[in-house]
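Encoded as structure tokens, the structure appears first; notes follow it.
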Amino acid sequence: MNVPHFDGVYAEAANWLQRLAREHNGENLEVDINGAPVLLVQRLEDADHVLRLNAGNYRKNMHWFRHMLGPSRFSEDGWAWEIRRDLTQHYLAKFDRERTFTLACEHAGHTVRELALRSAAGEAVLDERLLRRMTVSVLIENFFGVPLRDTQVDIDHLATLMEFGSEYAFAPSVGNDVLKHKRLGLLPELRRKIFDDFRLFREARLPDNPMLEGMLAADRDTGNDILLEHELLTFFAAGAETTAAGVGWACYLLARYPDIQRRLRDTLVPFWEAPQQDWKQLAQVDLLEAFVSETLRLYPPTPIVTRLAIEADHVGEHRVEPGGNVSVSILGIQHDARLHPEPWMPHLDGYRNTASAGANVAFIFGPRVCGGKKFALVELATFIAVFLRDASFELTSEEEPRFYWKSLMLREGGQPVRVTLRG
Numbered sequence: 094m095n096v097p098h099f100d101g102v103y104a105e106a107a108n109w110l111q112r113l114a115r116e117h118n119g120e121n122l123e124v125d126i127n128g129a130p131v132l133l134v135q136r137l138e139d140a141d142h143v144l145r146l147n148a149g150n151y152r153k154n155m156h157w158f159r160h161m162l163g164p165s166r167f168s169e170d171g172w173a174w175e176i177r178r179d180l181t182q183h184y185l186a187k188f189d190r191e192r193t194f195t196l197a198c199e200h201a202g203h204t205v206r207e208l209a210l211r212s213a214a215g216e217a218v219l220d221e222r223l224l225r226r227m228t229v230s231v232l233i234e235n236f237f238g239v240p241l242r243d244t245q246v247d248i249d250h251l252a253t254l255m256e257f258g259s260e261y262a263f264a265p266s267v268g269n270d271v272l273k274h275k276r277l278g279l280l281p282e283l284r285r286k287i288f289d290d291f292r293l294f295r296e297a298r299l300p301d302n303p304m305l306e307g308m309l310a311a312d313r314d315t316g317n318d319i320l321l322e323h324e325l326l327t328f329f330a331a332g333a334e335t336t337a338a339g340v341g342w343a344c345y346l347l348a349r350y351p352d353i354q355r356r357l358r359d360t361l362v363p364f365w366e367a368p369q370q371d372w373k374q375l376a377q378v379d380l381l382e383a384f385v386s387e388t389l390r391l392y393p394p395t396p397i398v399t400r401l402a403i404e405a406d407h408v409g410e411h412r413v414e415p416g417g418n419v420s421v422s423i424l425g426i427q428h429d430a431r432l433h434p435e436p437w438m439p440h441l442d443g444y445r446n447t448a449s450a451g452a453n454v455a456f457i458f459g460p461r462v463c464g465g466k467k468f469a470l471v472e473l474a475t476f477i478a479v480f481l482r483d484a485s486f487e488l489t490s491e492e493e494p495r496f497y498w499k500s501l502m503l504r505e506g507g508q509p510v511r512v513t514l515r516g
């Protein structure tokens, strides 16, 4: 049997996954990733077995990622994962939705105006840095009570470290050649800069903050290997970088499908013309919910999830041996034509919030579901609603997207979108 093989740079991984989703739609595949045999799961029912029903048999396979970013909620399992989850989960589950809505409206308004200025000056792609600044600003103000500008956090340092991590998050457990990469020489200085960026948090020179106090207490506890800076990096990367990528893809879809853009904008008019706007009312705009979910289905921020089997198992028709590599292709699942007819197109009509909906699969499922899922959905819906109120979006290029994987799925060369302010 001809086994699909991947031996390219990891930035190309999402393009390879998309090709497999097209050529082997709805099929689980035995593949080779840089010399390692991997079962690639592209069926939702089998992903559910690995990630939820039999999750205890599959540990995370991200030890190279840990080498880049340090132990974190991203990479750990068992007790080490649970204590990290508990540092933030209460706050992510109980966050103030109305405050998040207000902050997201404020920062989205500033950002869309800056994007329009860049477009008017001749820029042909969206400035991803503006989107990242917007999402990090809402995250920090919401959970730490301080503006981004007062924290000394350099969002470019965070983005660069995530790019380092992307070269290792996809790697199965084979060999150690990956550690000889010449770019590793740049890592210590980058980590030093990020640790310096987080100095304000370590010195606790912020308003009283129970979440930060809990992180600092865990950092001081010699009974674990928790480091404050690793937890902050995870929190900011998971809570802001992924949302910024989602906003970029949403802008692309609005520009690519003008009818959807007009329909969404018209649907939101009664909301914006009401005497008062709040999250409770915006959450009732079903078409906006459908658009957010379809954006996440078509362009999931995390295109793949890697696991390592502890004991022998069967996944669909495939036997998995102890120590076997199993990777769940989120791209493959969300483009399965059995679940989503015409899977490469957005479908807002008839949308249902089912197990196969983009908003549910994109954040993973089972015991290791993304803790910031609800926060991200509030942000995304609010950002998009403000963008549609204040601006229109047009493509500057008709070329089909090629992906660039940087621990999340971006568009190679940036999103070709022109932003124009509306009357």
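Residue numbering for the sequence shown follows this note's numbering, beginning at 94 and increasing consecutively.
Here a beta-carbon is modelled for each residue, glycine too, at the ideal position from N, C-alpha and C.
These numbers were taken from a predicted model, which means no experiment stands behind them.
| Check | Outcome |
| --- | --- |
| Bridge partners for Ile397 per DSSP, in chain order? | Ser422 |
| Whole angstroms is fine: what's the gap from Leu325's alpha carbon to Pro394's? | 20 Å |
| Where does the unbroken beta strand (DSSP E) through His407 begin, and where does it stop? | Asp406 to Val408 |
| Rounded to whole angstroms, what is the Cα-Cα separation between Ile287 and Glu322? | 8 Å |
| Count Cβ pairs between the segment 110-120 and the segment 421-441 that sit closer than 8 Å; are there 3 or more? | yes |
| Would you decide whether Glu382 is buried or exposed? Buried here means 16 or more other CB atoms lie within 10 Å of its CB. | buried |
| Indicate the three-state DSSP secondary structure (helix, strand or coil) for Met255 in the structure shown. | helix |
| Near Gly202, which residues of its chain fall below 8 Å by C-beta distance, leaving aside the five closest residues on each side in sequence? | Val479 and Asp483 |
| Alpha carbon to alpha carbon, how far is Leu309 from Thr315? Give it in angstroms, no decimals. | 12 Å |
| Quick one: is Gln508 buried, meaning 16 or more other Cβ sit within 10 Å of its Cβ, or exposed? | buried |
| Any idea what DSSP makes of Thr228, helix, strand or coil? | helix |
| Does DSSP put Ala348 in a helix, a strand or coil? | helix |
| Give every residue of the same chain whose Cβ lies closer than 8 Å to the Cβ of Gln374, excluding the five residues on either side of it in the sequence, and list them in chain order. | Phe364 and Ala367 |
| Cutting at 7 Å between CB atoms, please list the residues of its own chain near Val205, excluding the five before and the five after it. | Val479, Phe480, Asp483, Ala484 and Val512 |
| In chain order, what residues of the same chain have a beta carbon less than 7 Å from the beta carbon of Leu293, not counting five sequence neighbours either side? | Thr244, Gln245 and Leu299 |
| Among Leu279, Glu472 and Ser165, which has the Cα closest to the Cα of Val231? | Glu472 |
| Within 10 angstroms of the Cβ of Ser422, are there 16 or more other Cβ atoms? Answer buried if so, exposed if not. | buried |
| What is the DSSP secondary structure of Ser266, reduced to helix, strand or coil? | Here Ser266 scores only 48 on pLDDT, less than 50, and its place in the model is too uncertain to base an answer on. |
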